[in-house]
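If you read the sequences in order, they're chains Z and X.
Note that the numbering used here has the first sequence beginning at 2, numbered continuously upward.
Note that the numbering used here has the second sequence beginning at 6, numbered continuously upward.
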Amino acid sequence: MRDGIEVARRGRAAVALVTEQFWLQGDSVAASAGMPDIPRLRLPHPVAGSGHDAMDRVADGIAARIVAVLRGEAVPDNEPSSAP
Amino acid sequence: MFTATDEAEALEVLHQSGCTDGLPVVIPTHDRVARLVLASGLDADLDLGAMGPGGGAATIEKIATNAAMAGCLPDHMTVVVAAIRAMLQPAFDLGEMQSTTHCTAPLMIVNGPVVSHCDIAGSFGALGPGHRANASIGRAVRLCMMNIGDARPGVSDMALLGHPGKFSFCLAEDEQSSPWEPLAVALGYSSDDSVVTILGAEAPHSVVFTNDADDNDSPQRLLRALAAVIANTGSNNANLSGGAVAVALNPEHAQVLADAGMSRSDVQAELQRMAVNTRGQIRSFNTGFIAAGNDDDIIPAVRRPADIVLFVAGGAGLYSAVFPSWAAGAHRNTVVHEVVATGAACELPWA
C-alpha cells in the first residue's frame, strides 16, 4: 500500500495490490496516509507461498486489470462500479 | 468528545465507539483528565508526535485521557508519557510494529526511583494480575496505541493471534535483588534517573533451570538453557537472524551467574555466542527467510550482545524467561529507552 501511495504522490499512475485478508488494512493505511482513494485491486489470499503456478495464475488473472486501471480505462475495486 | 447521562451509559458509549480494550474503563471525565495533565507537568496541547499506523497526534491531553481510562493514578502519568516518547522514536518503527501479523507488544521495563514511588512490581508475578501500577501504566500505553495510533484488530493491527501482553506489559527491574548494576545504568543512565526501556516482544517463554551448587557446570547449564530458548527455531529471531530479545533472570538464576564471576555484559556476550542454529536447521523448518548458503553455517539468533536486554525480575526460584521479538521493521525491532522526566512543574517528590 505504502509503495503505491509513494508512487502516486510523485504524480505517477499507481494501483495498490491488496490481498483479501488485508483489504480493510488497506483502507486504513490509505486513509491514514491521506490518500483514501488511491486505486486498489483485490487479490486472493494468500499469494505468498502459494507456489509458482498459483502465483502465475493470479498474475495472469490480474495483469490486464492493472494496466487498465493505470490507464484509467477500468474502475479499481475500491471504487463503486460505474456500470448501471 | 462524547456525552452521556451517567457513567454506565458513558461506558457503553466508549465500548461501542471502539475506545476500550474490551474491559470496562474509568470514564475519562474532564476533571479526571485535567488531573492527569496537571500531574504530567506538561501543557495539555503539547504534541509528542504522530502515532502509527493511524498517525494521530499524541498530545498530553489525549495521553491523559487514555491513562484515565486505564485507571492510572496521577503519579503514573510521567511513566506513561516517557513510554510514549520512547515508542515515538523513529527507531522503534511503531506504525509497522502495530501493523504486523506477528504477536509483538511493547514490553516496558522500568528502572529508578519511580519504581518504588509508583509501586511498580518487579518480583513475584510482576507480569500477572494484582499490581495496580503495572496494570494501569501498561494498559494506558495500549489504549494510546489503539485510540491515538488507531490500531484496530483485523483492520490496522493485523496480529494474527496477539498475546495477553497486548492488554498490559509493564514491570520493573528488581534492582534490590539483582547482583548487577540496574539495566538503565548499563544503558548509560545515572542510578538517580528513572528510565523506561521498551522492546516489542512476544509473551514470556519460560526457562526452567535447576541449580546444583556441587556442579561446577551449573552456570554453563543455565546459559545453555537460556540460549536454547533464545535460539528456538519457531522464533523470528532465529529465522530472520537478528532483532533483539529480552531475558528476565529471576534473582536466584542471576546470582548463579554472578557467583561464577560473570558481569551483565559477560552474560550478554555468552548468550549471543551460544544462541545459534545451523542454516540447515533453520531451512528444515522454514525456507522463506533464510538466505542460501552452506547447511553447516552458524546462524546467530541475535547479532550483537547489546541486543539482549538482560534484566532481573520475578520471584526467586526455578524459572526465568525469554521474550523473543518480531525482529523486523526498518530497524529490526530496536530497543528504545527514555528518561521519566521530572521537573519543577511535576509533582513527583524527587524532582
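For glycine and all other residues, C-beta sits at the position ideal for the given N, C-alpha and C.
Asked	Found
In the DSSP assignment, find the beta strand (DSSP E) that holds residue 116/X and state where it starts and stops.	110–116
Check whether the Cβ atoms of residue 342/X and residue 200/X sit closer than 8 Å, and answer yes or no.	yes
Could you say if the stretch 6–25 of chain Z and the stretch 41–56 of chain Z meet the contact criterion of at least three C-beta pairs nearer than 8 Å?	yes
Could you have a look at residue 282/X and say whether DSSP puts it in helix, strand or coil?	strand
In the stretch 171–204 of chain X, which residue ranges form an unbroken alpha helix (DSSP H) of at least 4 residues, counting only runs that do not cross its ends?	188–191
Look at the Cβ atom of residue 56/X, then the Cβ atom of residue 19/X, and state whether they are nearer than 8 Å.	no
Run through DSSP, which three-state label would residue 48/X get?	coil
Starting from residue 14/X, follow the alpha helix (DSSP H) in both directions and report where the run begins and ends.	12–21
Counting only C-beta atoms, is residue 58/X closer than 8 Å to chain Z at any point?	yes
Who does residue 64/X pair with in a DSSP beta bridge?	52/X
Would you check if the distance between the CB atom of residue 170/X and the CB atom of residue 112/X is smaller than 8 Å?	yes
Who are the near neighbours of residue 337/X in its chain, counting only those whose CB is closer than 6 Å to its CB and skipping five residues on each side?	247, 248
Here's the rule: buried if 16 or more other CB atoms are within 10 angstroms of the residue's CB, otherwise exposed. What is residue 56/Z?	exposed
What's the C-alpha gap between residue 5/Z and residue 21/X?	33 Å
Between the Cα of residue 228/X and those of 330/X, 263/X, 31/X, 174/X, spot the shortest distance and give me the residue it belongs to.	263/X
Whole alpha helix (DSSP H) runs in the stretch 85–158 of chain X with 4 or more residues, listed along the chain?	99–104, 118–123, 137–152
For residue 12/Z and residue 32/Z, I'd like the C-alpha separation in whole angstroms.	18 Å
Apart from the five residues just before and just after residue 211/X, which ones in its own chain have a Cβ nearer than 7 Å to its Cβ?	324, 326
For residue 22/X, go through chain Z and note every residue whose CB falls closer than 9 Å to its CB, in chain order.	Result: empty, since nearest Cβ-Cβ is about 16 Å, beyond 9 Å.
Pull the bridge partners of residue 217/X from the DSSP assignment, please.	Partner(s): none; residue 217/X has no beta bridge.
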